[in-house]
Amino acid sequence: MADDHTHDHEHDHAHEHDHEHDHEAPADRALEQERARIRRQALAQIRQYPDVALRMKAREVTEFDDFLIQLVERMQLLMHDAQGVGLAATQIGVLQRIFIFEPEGEVGYAVVNPRIVESSDVKLTEEEGCLSLGDVRVPVERSTKVVLEGKDPSGDEVRFELEGLSARVVQHEYDHLDGVLIIDRTDPEHRKQALGELRPQPTLV
Amino acid sequence: MSDSSVRHWGDSGTLFGVKQPYVEEANPLDGERLPRRLRLSRADPERYVASAGGPLPYMRRLREIEELIDDHLDRLEQAYGERRAGWRRVAERWNFTEVNDLIERHNRWYPLEARLAMDPRSRDFVRVGGRPYRREPLDGAWVLERFPA
Numbered sequence: 016m017a018d019d020h021t022h023d024h025e026h027d028h029a030h031e032h033d034h035e036h037d038h039e040a041p042a043d044r045a046l047e048q049e050r051a052r053i054r055r056q057a058l059a060q061i062r063q064y065p066d067v068a069l070r071m072k073a074r075e076v077t078e079f080d081d082f083l084i085q086l087v088e089r090m091q092l093l094m095h096d097a098q099g100v101g102l103a104a105t106q107i108g109v110l111q112r113i114f115i116f117e118p119e120g121e122v123g124y125a126v127v128n129p130r131i132v133e134s135s136d137v138k139l140t141e142e143e144g145c146l147s148l149g150d151v152r153v154p155v156e157r158s159t160k161v162v163l164e165g166k167d168p169s170g171d172e173v174r175f176e177l178e179g180l181s182a183r184v185v186q187h188e189y190d191h192l193d194g195v196l197i198i199d200r201t202d203p204e205h206r207k208q209a210l211g212e213l214r215p216q217p218t219l220v
Numbered sequence: 074m075s076d077s078s079v080r081h082w083g084d085s086g087t088l089f090g091v092k093q094p095y096v097e098e099a100n101p102l103d104g105e106r107l108p109r110r111l112r113l114s115r116a117d118p119e120r121y122v123a124s125a126g127g128p129l130p131y132m133r134r135l136r137e138i139e140e141l142i143d144d145h146l147d148r149l150e151q152a153y154g155e156r157r158a159g160w161r162r163v164a165e166r167w168n169f170t171e172v173n174d175l176i177e178r179h180n181r182w183y184p185l186e187a188r189l190a191m192d193p194r195s196r197d198f199v200r201v202g203g204r205p206y207r208r209e210p211l212d213g214a215w216v217l218e219r220f221p222a
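Respectively, the protein sequence lines represent chains A and B. Residue 16 is where the first sequence starts when you use this note's numbering, and the numbers rise one by one after that. Residue 74 is where the second sequence starts when you use this note's numbering, and the numbers rise one by one after that.
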């Protein structure tokens with residue numbers, strides 16, 4: 016899942032942002048450009064819509080081995096570089112039930128074979144982005160609180176009681192493992208608009 | 074932009090406002106209909122990124138595997154010519170650790186790094202050039218197939 020906060024800042028305060036750039040020190044600008052370059056490189060390794068891998072249901076993980084540890088490490092690096100707050104294995108073409116998420120101000124967690132065992136009846140609709148859907152952002156209704164269970168990459172049981180952004184992120188990533196995207200969860204009008212943005216545009220040369 | 078305007082871009086005569094001499098060979102598409110593949114191609118930023126940094130890791134790894142295999146074949150050929158007695162034993166004890174480690178890493182990471190397309194029916198990755206992307210590790214049988222005992 017794309018980092019909402021960064022996105023909001025870029026879109027909603029575009030003028031202020033440009034204005035800030037005018038007075039930005041060259042070193043800050045170079046750092047920003049470097050971050051943007053790293054983000055593009057990371058996104059180039061994340062499967063983008065309409066890649067069929069994004070529509071496939073992931074399988075349960077049965078082997079907790081070195082490969083799984085290495086896979087999770089790679090996913091964490093990619094998510095960090097792409098400036099996301101969550102990433103599912105299907106987004107990099109691995110059809111296994113694994114996702115990682117990073118609650119605000121905390122280190123990232125990896126959850127293997129996750130299960131959402133409780134979700135609140137209270138729901139909230141907020142805009143979401145996705146690392147596999149470019150700049151598309153659509154409103155999605157999600158439970159405000161969830162309880163997530165699963166295993167860590169070593170095979171030990173884990174349980175998270177989450178609310179707010181973290182609850183939203185894990186529901187988003189959990190959907191990925193079933194081949195469900197935010198464009199399937201939004202209203203028809205926003206879905207139509209998003210599909211229009213995602214349609215390949217011919218380039219005249 | 075119509076096809077006709079694309080067809081004649083070569084003789085428009087100016088580049089950044091400066092009159093340019095028309096060189097026929099400079100535009101191989103001049104006078105030809107632009108292929109659909111080119112007309113519909115997207116200038117994705119990721120393609121620029123991918124091409125700007127030189128060969129990607131999976132490309133370099135594949136090259137290294139090929140070079141190591143060639144090196145093994147050269148050395149095996151030499152050893153085969155020098156020593157036929159006990160060849161099976163030599164073949165089975167041949168050290169392929171380095172190349173097999175690279176092959177194992179290729180089998181694990183290639184489809185991810187190359188974003189290899191997936192076949193939704195088989196739920197596996199598509200074949201590359203008609204062959205599975207996975208490579209078999211080298212062992213004594215591989216040697217004996219090429220240099221029989």
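We treat Cβ as the ideally placed atom computed from N, Cα and C, and that holds for glycine.
Check this for me: beta carbons of A/V87 and A/I115, under 9 Å apart or not?
The count along the first sequence starts at 1 and reaches residue 87 of chain A at position 72. The count along the first sequence starts at 1 and reaches residue 115 of chain A at position 100. It is a contact, given that the beta carbons lie within the stated cut-off.
Within 9 Å, strictly: CB atoms of B/L217 and B/H145
Translated into the one-based positions of the second sequence, residue 217 of chain B becomes position 144. Translated into the one-based positions of the second sequence, residue 145 of chain B becomes position 72. No, the pair does not count as a contact, with Cβ atoms beyond the cut-off.
When the Cα atoms are used, what is the spatial distance from B/A158 to B/F169?
Counted from its first residue, the second sequence places residue 158 of chain B at position 85. Counted from its first residue, the second sequence places residue 169 of chain B at position 96. Approximately 21 Å, taken between the alpha carbons.
With a threshold of 16 other CB atoms inside 10 Å of the CB of A/T201, please say whether the residue is buried or exposed.
For the purposes of this step, residue 201 of chain A is taken as residue 186 along the first sequence, with counting starting at 1. Counting Cβ neighbours within 10 Å, A/T201 comes out buried, since at least 16 surround it.
Alpha carbon to alpha carbon, how far is A/L210 from A/Q91?
The residue you call residue 210 of chain A lines up with position 195 of the first sequence. The residue you call residue 91 of chain A lines up with position 76 of the first sequence. So the two alpha carbons sit approximately 28 Å from each other.
How many angstroms separate the CA atom of A/A45 from the CA atom of A/Q63?
As a first step, residue 45 of chain A must be located in the first sequence, where it is residue number 30. As a first step, residue 63 of chain A must be located in the first sequence, where it is residue number 48. Their backbone Cα atoms lie some 27 Å apart in a straight line.
Between the region 192-212 of chain B and chain A, which residues of the former have CB atoms less than 7 Å from a CB of the latter, in chain order?
P193, R196
For A/V162, which of A/G170, A/S134, A/N128 has the nearest alpha-carbon?
Here residue 162 of chain A corresponds to residue number 147 of the first sequence, with the count starting at 1. The option with the nearest alpha carbon to A/V162 is A/S134.
State the beta-bridge partners of A/P154 as determined by DSSP.
Here residue 154 of chain A is taken as the residue at index 139 of the first sequence, counted from 1. BP columns for A/P154 point to A/E142.
Can you find the residues in the same chain that come closer than 8 Å, C-beta to C-beta, to A/D136, ignoring five residues on each side of it along the sequence?
Here residue 136 of chain A is taken as the residue at index 121 of the first sequence, counted from 1. For A/D136, where only same-chain residues beyond five positions count, the Cβ hits under 8 Å are S158.
Could you say which of A/D81, A/I61, A/R130, A/R50 lies nearest to A/F175 if we only look at CA atoms?
For this step, residue 175 of chain A is matched to residue 160 along the first sequence. Minimum Cα distance to A/F175 is reached at A/R130.
Going by beta carbon distance, what residues of the same chain come within less than 6 Å of A/A104, once the five residues before and after it are set aside?
For the purposes of this step, residue 104 of chain A is taken as the residue at position 89 of the first sequence. So the list reads Q111, I113, once near-sequence residues are dropped.
Which of helix, strand or coil does DSSP assign to B/D197?
As a working note, residue 197 of chain B is residue 124 in the second sequence. It is a strand residue.
At the 9 Å Cβ level, is B/E186 part of the contact set with chain A, yes or no?
The residue given as residue 186 of chain B occupies position 113 in the second sequence. So, interface residue.
Using 9 Å as the limit for Cβ to Cβ distance, is B/R181 near chain A?
For the purposes of this step, residue 181 of chain B is taken as the residue at position 108 of the second sequence. For B/R181, the answer is yes, since a Cβ of chain A falls inside 9 Å of its Cβ.
Starting from the N-terminal side, write out each stretch of the beta strand (DSSP E) that is 3 residues or longer and does not extend beyond the region 26-104 of chain A.
101-103
For the region 189-199 of chain B against the region 147-163 of chain B, are there 3 or more C-beta pairs whose distance is under 8 Å?
no
Figure out for me which residue from A/I107, A/Q208, A/R70 has the closest Cα to the Cα of A/L93.
As a position in the first sequence, residue 93 of chain A is number 78, starting the count at 1. Looking at the Cα atoms, A/I107 is the closest of the given residues.
Quick check on DSSP: helix, strand or coil for A/S134?
Here residue 134 of chain A is taken as the residue at index 119 of the first sequence, counted from 1. DSSP places A/S134 in strand when its eight states are reduced to three.
Which residues in the same chain have their Cβ closer than 7 Å to the Cβ of A/K166, if we skip the five residues on either side of it in sequence?
As a position in the first sequence, residue 166 of chain A is number 151, starting the count at 1. Result list for A/K166: V127, N128, E172, V173, in chain order.
Please confirm whether A/Q60 has its beta-carbon closer than 9 Å to some beta-carbon of chain B.
Translated into the one-based positions of the first sequence, residue 60 of chain A becomes position 45. It does; some Cβ of chain B falls within 9 Å.
Segment limits, beta strand (DSSP E) that includes A/L177
In the first sequence, the residue the question calls residue 177 of chain A occupies position 162. Here the beta strand (DSSP E) through A/L177 covers 172-178.
Indicate whether the contact test is met: 3 or more Cβ pairs, each with one atom in the region 75-86 of chain A and one in the region 40-58 of chain A, closer than 8 Å.
no
Excluding five sequence neighbours on each side, which residues of the same chain lie with their C-beta closer than 6 Å to the C-beta of A/V153?
Counted from its first residue, the first sequence places residue 153 of chain A at position 138. Cβ within range, chain order: I197, T201, H205, A209.
Quick one, which of A/Y124, A/R183, A/V109, A/E117 has its alpha-carbon nearest A/D66's?
Here residue 66 of chain A corresponds to residue number 51 of the first sequence, with the count starting at 1. Residue A/V109 is the option with its Cα nearest to A/D66.
Between which two residues does the alpha helix (DSSP H) containing B/V216 stretch?
Position 143 of the second sequence holds residue 216 of chain B. It spans 213-219 - the alpha helix (DSSP H) in which B/V216 sits, taken as one unbroken run.
Straight-line CA distance for B/A214 to A/E75?
Taking the first residue of the second sequence as 1, we reach residue 214 of chain B at position 141. Taking the first residue of the first sequence as 1, we reach residue 75 of chain A at position 60. Straight-line Cα distance between these residues: approximately 35 Å.
At least one CB of chain A closer than 9 Å to the CB of B/G135: is that the case?
The sequence position of residue 135 of chain B within the second sequence is 62, counting from 1. Inspection of the sequence shows that residue 135 of chain B is occupied by Leu rather than by Gly. No, B/L135 does not count as interfacial toward chain A.
DSSP state of A/G120 mapped onto helix, strand, coil
Sequence index remark: in the first sequence, residue 120 of chain A carries index 105 (1-based). A/G120 falls in the coil class under three-state DSSP.
Limits of the alpha helix (DSSP H) - the one that B/V172 falls within
On the second sequence, residue 172 of chain B is found 99 positions in, with the first residue counted as 1. Residue range 170-186 is occupied by the alpha helix (DSSP H) that includes B/V172.
Decide if A/D41 is buried, meaning its Cβ has at least 16 other Cβ atoms within 10 Å, or exposed.
The sequence position of residue 41 of chain A within the first sequence is 26, counting from 1. Position check: residue 41 of chain A holds Pro in this sequence, whereas Asp was assumed. Exposed, because fewer than 16 other Cβ atoms sit within 10 Å of the Cβ of A/P41.
Which residue or residues does DSSP assign as beta-bridge partners of A/I113?
If you number the first sequence from 1, residue 113 of chain A lands on position 98. DSSP, once it has assigned bridges, lists A/V127 as partnering A/I113.
Name, in chain order, the residues that DSSP records as bridge partners for B/D192.
In the second sequence, the residue the question calls residue 192 of chain B occupies position 119. Bridge partners of B/D192: B/D197.
Any Cβ of chain B within less than 9 Å of the Cβ of A/R200?
Residue 200 of chain A sits at position 185 when you count from the first residue of the first sequence. For A/R200, the answer is no, since every Cβ of chain B falls outside 9 Å of its Cβ.
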